[in-house]
Amino acid sequence: MSENHHDKLGLHKDLSHGPREHVAHAVILKRAKLWSAVALVLLLVGAGATVATRVLHAEQLAKATEQNSRVFVSVIHAQSSANAGSVTLPSSLQGLIEAPIFARSTGYVVRWNKDIGSSVAKGEVLAEIDTPEVDKELAQAVAAKEQAASSLELAKSSAQRWEELRKKDAVTQQELDERRSAYTQATANFEAANANVGRLKKLEGFKNIVAPFSGVVTRRNVEVGDLIGAGSTGTALFTMAQVDPLRLYVYVPQAFSQQIKVGETVSISQTELADHVFQGKIVRTAGAIDVATRTLQVEIRVPNADKKLMAGSFVQVKLPVSGSTNALQVPSNVLLFRADGTQIAVVDEAGKVKLHTVKVGRDLGKVVEILSGINATDNLILNPPDSLSDNDVVTVKKPEPKKETEAGKAHS
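All residue numbers for the sequence shown refer to my numbering, where the first residue is 263 and numbers rise by one.
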């Protein structure tokens, strides 16, 4: 093809570049294609990693959702009631005698001699009261008594003179009767004045607040300078308790009431004194079943010479009784109270739940007797959720292995 033809087509040779320039241009194009390919590969790899991460996250989320949707439960087996031999009931310790101490006279507290925790003997002074108003009333009453005594003496002598004058017919019978009446009235006035003095002297004696029995001061509600009033309408000045022996009351279910015997020994335990088991004795019963609770009130005395037990403490009382031969005992926290009756959730080896309607026997405090509806080999769900239904699938928690103690490690 000729140059003229090239010119006509608008194609011109670039004569300004030689062979070297063509080679360099080719190298640049080749490198550009290479970097483009690398960038494309990196882009594809990044996209693949993003997709893989999202897929992994979705799988993890699905596993977490499945894990959270699973219901984990703990199970327990029922125990035979035939060998129970006792029933444990809660109670609170009380002082054998407990009494609030009130003032019998109005006045101001001068001093208090005993504080909380103090042991006191009967008749010992707990506090002293200043009673200025009573003191003044007593002084007035003494003066009134003396005045009444003088009036009585005058009326007596006058009546005696008129008696003699009447014998001589020097005075009328009317005048004598008037003197006799004046003497009788003076006698009554003197007796009233004397009684008033005695009353105020008694109030003076109430300046000292004394212990009505031997025991321990469990509360003090007075300070020096307090104005206190007579009577029991206000706050007690002190509270006292006799703490040896102590007493407690338990309310025994009707099913055990026939087995409670006066004089029988019972065991008493306190969580804070786990190493000690205290003995008490049944001293009396109410002799009748409370129709509201179907229980028998029982009073128990507990010796407390060492003062380890304190009034007001929560304790557990174990009473010796015999159980039912065919009944099973379960904790009260396995029961479900539904419209169909009392039920217990049982889980099989596959984790499937079956709700069993049961017949409840005696309430033994922490446990209850089940007369029918379950077997001793059933896996009973502890603390079942209210939403639990038949055929629900649950996962049974495996009991955690007991940690080896330091002594065990050293021995091994």
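We put the beta carbon where it would ideally sit given N, CA and C, even for glycine. Remember, it's a predicted structure, so these values are computed and weren't measured experimentally.
* Looking at the structure shown, is I522 part of a helix, part of a strand, or coil, going by DSSP? -> Three-state DSSP puts I522 in coil, outside helix and strand.
* **Under 8 angstroms between C-beta atoms of V545 and L510** => no
* To do: Return the residue from the list S413, G603 and A554 that minimises the CA-CA distance to Q447.
  => The residue with the shortest Cα to Cα distance from Q447 is S413.
* Would you give the residue range spanned by the beta strand (DSSP E) that P352 belongs to? => S348 to I363 is the extent of the beta strand (DSSP E) around P352.
* Asked: For I490 versus T368, is the C-beta distance shorter than 8 angstroms?
  -> Cβ distance < 8 angstroms, so I490 and T368 count as in contact.
* Asked: Counting along the chain, where does the alpha helix (DSSP H) carrying Q532 start and finish?
  -> Where Q532 is concerned, there is no enclosing alpha helix (DSSP H), given that its DSSP letter is neither H nor E.
* Asked: With 16 other CB atoms within 10 Å as the buried threshold, where does D602 fall?
  -> Counting of Cβ neighbours within 10 angstroms places D602 among the exposed residues, the total staying below 16.
* Asked: Just the Cα atoms here: how many angstroms apart are I471 and A401?
  -> 22 angstroms
* Tell me which same chain residues have a C-beta within less than 8 angstroms of the C-beta of D377, skipping the five on either side of it? -> V479 and R482
* Decide if T393 is buried, meaning its Cβ has at least 16 other Cβ atoms within 10 Å, or exposed. => buried
* contact_flag[the stretch 408-425, the stretch 435-450] where n(CB pairs < 8 angstroms) is 3 or more -> yes
* Keeping to the same chain, check which residues put their C-beta closer than 8 angstroms to that of D397; ignore five residues upstream and five downstream. => E466
* **Beta bridge counterpart(s) of G477 as assigned by DSSP** => Beta-bridge partners assigned by DSSP to G477: V382.
* **Given I391 as reference, the closest of A365, V382 and K616 once Cα atoms are compared** => A365
* With a CB to CB cut of under 6 angstroms and the five nearest residues on each side skipped, what residues in its chain are close to I676? -> Missing from the structure shown is residue 676; the chain here goes from 263 to 674 and no further.
* Inspect the beta-carbon positions of V577 and S353 and report whether they are closer than 8 angstroms. => yes
* N458 and A403: beta carbons closer than 8 angstroms? -> yes
* Option nearest S575 by Cα separation, candidates E561, L598, P593 and I530 -> I530
* Asked: Helix, strand or coil for F540 per DSSP?
  -> Of the three classes helix, strand and coil, the one that applies to F540 here is strand, per DSSP.
* **Contact the stretch 550-564 vs the stretch 603-619: 3+ CB pairs below 8 angstroms** => Because the criterion of three Cβ pairs below 8 angstroms is not met, the stretch 550-564 and the stretch 603-619 do not touch.
* To do: Can you give me the start and stop residues for the alpha helix (DSSP H) that A457 sits inside?
  => Q435 to G467
* Asked: What are the uninterrupted segments assigned as beta strand (DSSP E) that are 3 or more residues long and contained completely in the stretch 381-428, given in chain order?
  -> 387-392
* **Which listed residue (L302, L306, A286 and Q341) has its alpha carbon closest to that of Q591** => Q341
* From this set, N653, S651, D652 and P646, which residue's C-alpha is nearest F334's C-alpha? -> Looking at the Cα atoms, P646 is the closest of the given residues.
* Between the CA atoms of A311 and M263 - distance to the nearest angstrom -> For M263, the predicted model reports a pLDDT of 49, less than 50, meaning its position is unreliable; a value from the coordinates is still stated below. Each residue's Cα considered, the two are about 56 angstroms apart.
* To do: Spatial neighbours of F468 within its chain, please: CB distance less than 6 angstroms, with the 5 preceding and 5 following residues excluded, ordered by chain position.
  => Residues R366 and S367 of the same chain have their beta carbon placed closer than 6 angstroms to that of F468, with the five preceding and five following residues left out of the count.
* So, do the stretch 519-535 and the stretch 493-506 have three or more beta carbon pairs nearer to each other than 8 angstroms? -> no
* Asked: Would DSSP call I290 helix, strand or coil?
  -> helix
* Pick out whichever of A573, A454 and V539 has its Cα sitting closest to the Cα of L355. => A573
* Asked: In terms of residue numbering, what span does the beta strand (DSSP E) encompassing E561 cover?
  -> First-last of the beta strand (DSSP E) with E561: T557 to V564.
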